[in-house]
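Undergrad:
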Amino acid sequence: MELIITQSASVARIIATFFNANNRHFDYYSSQTHLVVWIDDCMVDLKPLNFKQDNDSFLGRDFLDYKLKLVKRTNKKTPCIAQSKKVQLIKRLILKSKSIVIATEPSKAQRRKFEYFKEFFNITLPCKTLWLYSLEKSFLKNHLCLDNTTSCFKTYYNRDLIFKIVQNRLSRYYYNQTGTKIKLGLIKTALIALLSKKHLKSEASQTKTFYRVSVELSFKEKLFCCFFEKKYKKLKQAQNLLGLLNKDSRVEISDKNIQTLRQKQLLLYDFISLIICVNKLYGFSFSKTKQALISLYRQRFISYPLTLNNYLPSWYKSSIPRLLNALRDYPLFKKELLTLKLARLNYKDVIVDSDLKTHGIIPTFKIPTCLNTCEKVIYQLIVKRTIDCFTPKEDVKKVSLNLFVDGARFDLPLEIYKGEFLKDNLVNQVDTLEQLNGMKVFKIESVNITTHTKKQNALFGIEGLFKKLKKDFIKILHENAISQIHFCYFTDLFLGLSLTLDQLIKQEYLYIDNKELVCTNKALDYYFKTKDLPVSSFAYLFDFEVLFFKANQAEINKQMFYKISCEKLKELSQSISYLKELKEPLKGSCPKCLGSKFELSYQRLVCLNKTCNWTIPRLVFGVHLSKKELEELLELKKTSRVFVFKARDNICFKAYLFLDKNARLMFDTVK
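Numbers 1 to 671, taken from UniProt numbering, label the letters of the sequence shown in order.
Pasting the structure below:
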């Protein structure tokens, strides 16, 4: 007997049909050879125990202690009766089985949930994984694979543990600062910091305004629009040019050039590009779009939608003609698809021959007949993009004309295009170049001045924000010798970014004005309270993501992973302690000038007397001196604690710290 475990009841029903397990029971399906059960009402989560901060906490044992627990479905402290019954049912099904298949959506978040589930129920049976990129029967038949992805140590667990430890530390710190109980994470803090910095720079920057003169021309009743190249800083300069032109001005062609342009290849939607498009066109929130996508996926209308790769794996190539043929039954695209020659489809730039594990979002052979409004518009966008991607594209002819305007001492450039653009609706388009035959003189229909305003530091729009984050993250991958092709493995990170941005807008940290993300006072207040923490930069979050990836790929061993994680968590704890220290004045006097005013930073202690400028470092051979230890040095000239210092070549020695008669920091070694 084989047990198939999946997350939702809707997916379980599809899987049960595939395995012919058609006997329906209470919360599971069965046949003579298979059992199918779903676990979304019996999910397992983990809780981090106290993080121990001693220097050797990562040596010899795991410092990331945790416990697993059922996710409560009510506010009660104990699991509800239905959940308890489901736990007992799953235990009985496991005992009946000889092997297990985990049928899961191909995301790391889902994978972690099933890892927790396996440990919670103490599953020791042989396991296979069925990655559900699609719920089509033909796909399921060919993609039941062995489970070879479990790493040598539990990076799936450690990712959640570390993020929860950081969340707990940040939440506790913010509560002590403000008295407000709120869950704070790495993504939220870094996003608010990035947008707040941009907001403050934008407010402080100057606005540049310039003026251009536009001309509307006609030839054989066809209208064309163009601009003089020169940009004017003063309105009067543009008005002077405008005064030289009138409807009787003679506009002649002085130069003509024809170029052939290859259109930029459209790619399939991935999750980020699709949610941005839907937000721009229909104003749907990212979370609403995500829910609609998951609903379409579980109804078998689209492939798995939470992906960061715009291409398709090569094994999809054979199914594309059949897919486009099936889509002819969808009324909106019937006419368009009837004229598309399936033998001439474009695969070259849409399919890459490599195993990327994820792919662009495409429709399936199952054509929907009853969708809600949100699902319908999203499905139609996916179908339209799929058709456009595989439709052969004609080259575009670009005719560049240089026009001489009688009376104006400037040339007037005009660009005319012949061809159908898939992406942009450009002005100055003609059906054939023959329409331009005999073109020598244009007639001026109108002349206008257009005003262009630009800020030196413009705010981020949603699309610009994600472009920057993707660019910065890919740069981090390059710096860590990770190929850009592995970007698709970080779907969880960018899914979290999009949903967090959604929450920040709902919680009134941000609002959208003229397509730009504007910070409210609530966001700026949060930023000023957390800007000195290392998590206020995306570098901290990105470093952790790279660390998890390397551990999962077995590029670093368990001890190195724990060591780096421990150091980064200590850095966060020390920076929080440092921010608390800043609020209280330092006790003691300067050993040189006897002054009592100091500047205490994370790196050093500095006397503020300008004639003195005495300073000592806080980080000494791997030991970070606390505020209390600095006060001991100032008052007693010696620490009461023996430190373990690490010199070059990892040689350790024990010593007290003291200040000599010249106020220099010295070691008093002990055996």
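The beta-carbon is built from N, C-alpha and C at its ideal position, and this holds for glycine as well.
#1: Which residues does DSSP list as the beta-bridge partners of Arg24?
#2: Looking at Leu659 and Lys628, is the spacing between their C-beta atoms short of 9 angstroms?
#3: What first and last residue would you give for the alpha helix (DSSP H) that runs through Tyr282?
#4: Taking the continuous alpha helix (DSSP H) assigned at His452, which residues delimit it?
#5: Would you kindly report the start and end of the unbroken beta strand (DSSP E) that includes Val350?
#6: Could you give the DSSP three-state label for Arg61: helix, strand or coil?
#7: Could you tell me which of Tyr173, Gln435, Lys597 sits nearest to Ser573, measuring between CA atoms?
#8: Suppose only complete runs of 4+ residues qualify. What are the alpha helix (DSSP H) ranges in the stretch 516 to 547, listed by chain order?
#9: Between the alpha carbons of Trp614 and Glu463, how many angstroms are there, rounded?
#10: So what does DSSP say about Gln574, is it helix, strand or coil?
#11: Measuring only the C-alpha atoms, how far is Val352 from Cys488?
#12: Give a yes or no on contact between the stretch 282 to 292 and the stretch 91 to 99, applying the rule of three or more CB pairs nearer than 8 angstroms.
#13: For Lys256 versus Ile275, is the C-beta distance shorter than 9 angstroms?
#14: Just mark Phe224 as buried or exposed, buried being the case when its beta carbon has 16 or more other beta carbons within 10 Å.
#15: Do you know offhand how far Gly179's Cα is from Thr373's?
#16: Cα-Cα, which of Phe404, Gly360, Phe365, Leu345 is closest to Glu394?
#17: Taking buried to mean at least 16 other C-beta atoms within 10 Å of its own C-beta, is Phe494 buried or exposed?
#18: Identify whether Cys566 lies in helix, strand or coil by the three-state DSSP scheme.
#19: Is there a C-beta anywhere in chain C that falls below 9 angstroms from the one on Ile39?
#20: Measure from the alpha carbon of Leu242 to the alpha carbon of each residue in Ser107, Ile444, Ile15, then state which is nearest.
#21: Tell me which residues share the same chain as Met43 and place their Cβ nearer than 6 angstroms to its Cβ, disregarding the 5 neighbours each side in the sequence.
#22: How is Glu2 classed by DSSP in three states: helix, strand or coil?
#23: Comparing alpha-carbon positions, which option in Asn325, Leu533, Asp160 lies nearest Cys575?
#24: By Cβ distance below 7 angstroms, which residues in the same chain neighbour Asp54 in space, the five residues on each side in sequence not counted?
#25: How would you call Glu105, buried or exposed, if buried means at least 16 neighbouring beta carbons within 10 angstroms?
#26: Tell me whether Leu533 counts as near the ligand GTP, meaning its Cβ is closer than 8 angstroms to at least one heavy atom of that ligand.
#27: Output the boundary residues of the alpha helix (DSSP H) element that contains Ser297.
#28: Can you give the Cα-Cα distance for Gln237 and Val251, rounded to whole angstroms?
#29: In terms of residues, what are the limits of the beta strand (DSSP E) holding Pro126?
#30: Mind reading off the beta-carbon distance from Ile362 to Thr386? Whole number of angstroms is fine, and I expect it under 8 angstroms.
#31: Can you give me the C-alpha to C-alpha distance between Lys141 and Phe19, rounded to a whole angstrom?
#32: Just mark Asn552 as buried or exposed, buried being the case when its beta carbon has 16 or more other beta carbons within 10 Å.
#33: Give me the Cβ distance between Leu412 and Phe228, rounded to the nearest whole Å; I'm assuming they're in contact under 8 angstroms.
#34: Would the beta-carbon of Tyr417 fall within 9 angstroms of that of Val396?
#35: Restricting to Cα atoms, I'd like to know which of Leu195, Asn23, Ser107 is closest to Asn521.
#36: Alpha carbon to alpha carbon, how far is Lys341 from Glu434?
TA: Working from what's here:
#1: Answer is Tyr29, bridged to Arg24.
#2: Not closer than 9 angstroms, so no.
#3: For Tyr282, the enclosing alpha helix (DSSP H) begins and ends at 271 to 282.
#4: Note, His452: premise wrong, no alpha helix (DSSP H); beta strand (DSSP E) at 441 to 455.
#5: Where Val350 is concerned, there is no enclosing beta strand (DSSP E), given that its DSSP letter is neither H nor E.
#6: At Arg61 the pLDDT is 48, less than 50, meaning the model places this residue with poor confidence and gives no usable figure here.
#7: Answer by Cα proximity: Tyr173.
#8: Qualifying alpha helix (DSSP H) stretches, in chain order: 521 to 530.
#9: Within the model, the alpha-carbon separation for Trp614 versus Glu463 is close to 49 angstroms.
#10: Note: Gln574 maps to helix in three-state DSSP.
#11: Val352 and Cys488: Cα-Cα distance of roughly 14 angstroms.
#12: Look at the beta carbons and you see the stretch 282 to 292 not touching the stretch 91 to 99: under three pairs across the two are nearer than 8 angstroms.
#13: For Lys256 and Ile275, no; Cβs fall outside 9 angstroms.
#14: Buried, because 16 or more other Cβ atoms sit within 10 Å of the Cβ of Phe224.
#15: Pairing Gly179 with Thr373, the inter-Cα distance amounts to about 43 angstroms.
#16: Per the Cα distances, Leu345.
#17: The residue is buried, with at least 16 neighbouring Cβ atoms inside 10 Å.
#18: Note: Cys566 maps to helix in three-state DSSP.
#19: The structure shown has no chain C; it contains just one protein chain.
#20: Leu242 has its Cα closest to that of Ile444, out of Ser107, Ile444, Ile15.
#21: If we look at Met43 and ignore the five residues flanking it on each side, its Cβ neighbours are Val71.
#22: Of the three classes helix, strand and coil, the one that applies to Glu2 here is strand, per DSSP.
#23: The residue asked about is misnamed: residue 575 is Ser in this sequence, not Cys. Residue Leu533 is the option with its Cα nearest to Ser575.
#24: Bear in mind that the predicted position of Asp54 carries a pLDDT of just 48, short of 50, making it too unreliable to give a figure here.
#25: Only buried fits Glu105, as 16 or more other CB atoms lie within 10 angstroms of its CB.
#26: Absence of the ligand GTP from the depicted structure is noted, as is the absence of any ligand whatsoever, leaving it without description.
#27: The residue you asked about is not Ser; residue 297 is Tyr in the sequence shown. Unbroken alpha helix (DSSP H) run through Tyr297: 286 to 298.
#28: Cα to Cα, Gln237 sits roughly 21 angstroms from Val251.
#29: Here Pro126 belongs to no beta strand (DSSP E), and DSSP marks it neither H nor E.
#30: The Cβ separation is near 5 angstroms, so the contact holds.
#31: Taking the straight line joining both Cα atoms gives about 10 angstroms.
#32: Asn552 is buried by the Cβ-count criterion.
#33: In this structure, Leu412 and Phe228 form a Cβ contact; the two beta carbons are roughly 6 angstroms apart against a cut-off of 8 angstroms.
#34: Closer than 9 angstroms, so yes.
#35: Nearest option by C-alpha distance: Leu195.
#36: Between Lys341 and Glu434, the alpha-carbon positions lie close to 27 angstroms from each other.
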